[in-house]
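Numbering (UniProt numbering), first residue to last: 1 to 148.
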């Protein structure tokens, strides 16, 4: 009986027709070349010079220019926003004054209209009272007491 915790035995070696031993195991990955190809280093050879301008300096200068351009755009937009807020804040009281003045004028006109209507009604009531007094006076006759 086999133990479940024991690894399986290795595959048997077979002898090929030429007499060399072969293993029956299947390789999962074929032999590959190394990822980085390294040339043999000779101590007498000079090192390759690093051309830093296109590899380091130009990208760094481009990055710095992009950052400066971005900072300039952000500063310009912030200034524009601050000026717009300032203009709005300055214009707001003027707008409120004009709006308030318009509302007060409308209310005053409404009050004047009501006063005119009340004056017309008062005149109508006074003329009605005069008509009623005259009617009472004519009903009671010349010798009757007058109504106040």
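Using N, Cα and C, we set each Cβ at its ideal position, and we do this for glycine too.
The structure presented is a predicted model; accordingly, all values stated were derived computationally and were not measured.
A direct Cα-Cα distance of roughly 14 Å separates residue 48 from residue 55.
Rounded to the nearest whole angstrom, the CA to CA distance from residue 109 to residue 97 is 18 Å.
The three-state secondary structure of residue 46, taken from DSSP, is coil. In the DSSP assignment, residue 69 falls within the unbroken alpha helix (DSSP H) covering 58–140. In the three-state reduction of the DSSP assignment, residue 40 falls in the coil class, being assigned neither a helical nor a strand state. Taken atom to atom, the span from the alpha-carbon of residue 67 to that of residue 50 is near 26 Å.
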